[in-house]
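Following: one structure in structure tokens, then a few remarks.
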Amino acid sequence: MKGKVLDFSIQTGEGVISADNGERYTFVVAEWKASDIHPTKGVIVDFEVGEDNKACGIYAEAPQAAAPKESKSKIVAALLAFFLGGLGIHKFYLGCTTAGIIMLAVSILGIFLAGLPTLIMGIIAFIEFIIYLIKSDEEFHRIYVENKKCWF
91 MKGKVLDFSI
101 QTGEGVISAD
111 NGERYTFVVA
121 EWKASDIHPT
131 KGVIVDFEVG
141 EDNKACGIYA
151 EAPQAAAPKE
161 SKSKIVAALL
171 AFFLGGLGIH
181 KFYLGCTTAG
191 IIMLAVSILG
201 IFLAGLPTLI
211 MGIIAFIEFI
221 IYLIKSDEEF
231 HRIYVENKKC
241 WF
């Protein structure tokens, strides 16, 4: 029978499996047969139902390979924001095309309007440069790569 580990306690060596049929079965670590995968929440298992409605002969399925994550460097994004940020190049790098076009258009038009809009785009880019640098790599990836947050 197939199922998924709902809970496992290292202290007691006991856990609970939710089977595909909707039933829940308790198990003890002695019934865990997979040596390379440890019983943890979310692990997909194949097992048999033994005495007293308990799971026995539990084998963990190998985890599926995760889809490759899009990789964007926060250092590259920060450097682009610092050196070419007024033109929105860092936005293009992070996949925020619309935001990049807006920054580029405002900067180019700002040249004809006494430079003030261009200066404002430069200030925004500098603020983003600082924000990118103070985020951890994981936080940067989650916010700007996975969730595609385009402004601040």
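Start counting at 1 in the sequence shown, then tack on 90, and there's your number in our numbering. The C-beta atom is built at its ideal place from N, Cα and C for all residues, glycine as well.
Let me know the secondary structure DSSP gives residue i once reduced to three states.
i    : result
V118 : strand
F98  : strand
F242 : coil
F202 : coil
P207 : helix
I127 : coil
S226 : coil
K162 : coil
L174 : helix
L184 : coil
Residue i: beta carbon under 7 Å from a heavy atom of the ligand ADP?
i    : result
P153 : Absent from the structure shown: the ligand ADP. Ligands present: none.
Run through the DSSP bridge pairs and tell me what residue i is partnered with.
i    : result
V135 : G93, A150
K144 : T116
S108 : K94, R114
Counting only the same chain and skipping the five closest in sequence on each side, list residues whose C-beta sits under 7 Å from that of residue i.
i    : result
I127 : V133, A150
Please say whether residue j and residue i have beta carbons closer to each other than 8 Å?
i    : j    : result
K164 : Y222 : yes
I100 : A145 : no
V95  : K123 : no
W241 : A189 : yes
M193 : G200 : no
T187 : S197 : no
Please return the same chain residues whose Cβ sits closer than 8 Å to the Cβ of residue i, not counting the five positions on each side in sequence.
i    : result
L203 : none
L170 : I179, H180, Y183
Less than 8 Å between the CB atoms is what I'm expecting for residue i and residue j, so what's the real figure, rounded?
i    : j    : result
G140 : V118 : Incorrect: roughly 11 Å between the Cβ atoms, too far for contact.
G175 : F219 : 6 Å
Just to confirm my understanding: we take residue i, look at its own chain, exclude 5 residues before and 5 after, and list those with CB closer than 6 Å. What are they?
i    : result
A168 : F219, Y222, L223
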